[in-house]
């Protein structure tokens, strides 16, 4: 069985949000209320300190504009960058530069909880993975099966979750495969045709199941997509309605 969600970001209204004194604009692209994926788009106002927090499910952050500086070593994100965390993985505080624009992508609703919350600290995933990668022009490779197509591995599948960029010439179709634990296929340049709709930048399809979805076709100016695939950690955590999950759900609801 295949579960599929298609989102045209241009059709989703923006709204203002605030959490712990931080202000931002937000689009709720997928709410997760049906038990499916949750997808949000944020444009944080410039700030030097987005507070340390975690979500109760796996997460990909896809930075498409602006910048984010994390406190750990080389974790200074510039477009286009991918930041992955397992469930219950704290990160931050981090700063946001002017022009910030990112997608926050979950396999299910994950809530939000500050690390100032003592009970949250007791629930940290001590075996968690935190992965960061950047799109680099020097790392593209030709895909022989489709003429004019290039691919770039940002997070290789042998690490568990996967981030793969693919660049398609006009009219080309993207090779597809099933995704057991869920995959976001996000347009980061150009456009694709999906279900007779044209999806531009920040538009996406989410697929999950044991069937391969219908191939996406690049628009008249080609397309570049970021394919973000979850692994079995997507089955963990979530908003269970108990313990810190209640606090996390309430905090997210207040923020957006």
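Numbering (my numbering), first residue to last: 18 to 273. By construction, the Cβ of each residue, glycine as well, lies at the ideal position given by its N, Cα and C atoms. These numbers come from a predicted model, not from an experiment.
- C-alpha of residue 49 to C-alpha of residue 210: approximately 24 Å in a straight line.
- Sequence-distant Cβ neighbours of residue 131 in its own chain, meaning closer than 8 Å and more than five residues away, are 37, 68, 69, 70, 137 and 268.
- At a Cβ-Cβ threshold of 7 Å, residue 225 and residue 196 count as neighbours.
- Boundaries for residue 144: no beta strand (DSSP E) harbours it, and the DSSP string shows neither H nor E there.
- Taken through DSSP and simplified to helix, strand or coil, residue 28 comes out as helix.
- Residue 238 is classed as exposed because its beta carbon has fewer than 16 other beta carbons within 10 Å across all chains shown.
- Boundaries of the beta strand (DSSP E) harbouring residue 243: 234-246, taken from the DSSP string.
- For the set 243, 271, 189 and 106, the Cα lying nearest the Cα of residue 235 is the one of 189.
- For residue 263, the uninterrupted alpha helix (DSSP H) run begins and ends at 261-272, by DSSP.
- A contact is defined here as three or more CB-CB pairs under 8 Å, and the stretch 212-229 fails this definition with respect to the stretch 160-179.
- Bridge partners of residue 159 according to DSSP: 167.
- Between residue 181 and residue 166, the CB-CB gap reaches or exceeds 7 Å.
- Apart from sequence neighbours up to five positions away, the residues of its chain that approach residue 187 with a beta-carbon distance below 8 Å are 235, 236, 237, 238 and 239, ordered along the chain.
- Per DSSP, the unbroken beta strand (DSSP E) holding residue 81 starts and ends at 76-82.
- The residue among 140, 87 and 199 with its C-alpha nearest the C-alpha of residue 114 is 87.
- Here residue 116 is near residue 82, since their CB atoms are less than 7 Å apart.
- In terms of CA proximity to residue 98, 150 leads the group 54, 150 and 112.
- Short of 8 Å from the beta carbon of residue 200, and not among the five residues preceding or following it, lie these beta carbons of its own chain, in chain order: 223, 224, 225, 244, 245, 246 and 247.
- A contact between stretches requires three or more CB pairs, one per stretch, nearer than 8 Å, and the stretch 101-115 meets this requirement with the stretch 137-147.
- Under the three-state reduction of DSSP, residue 136 is assigned to helix.
- Annotation: the continuous beta strand (DSSP E) that includes residue 121 extends over 118-123.
- The C-beta separation of residue 127 from residue 255 comes to about 7 Å, placing the pair in contact by the 8 Å criterion.
- Look at the stretch 38-71 and you find these whole runs of beta strand (DSSP E), each 3 residues long or longer: 39-48, 55-61 and 64-67.
- By the neighbour-count criterion, in which a residue is buried when 16 or more other Cβ atoms sit within 10 angstroms of its Cβ, residue 158 is exposed.
- Secondary structure at residue 253: coil, using DSSP grouped into helix, strand and coil.
- When 110, 192, 241 and 44 are compared, the shortest CA-CA separation from residue 161 is found for 192.
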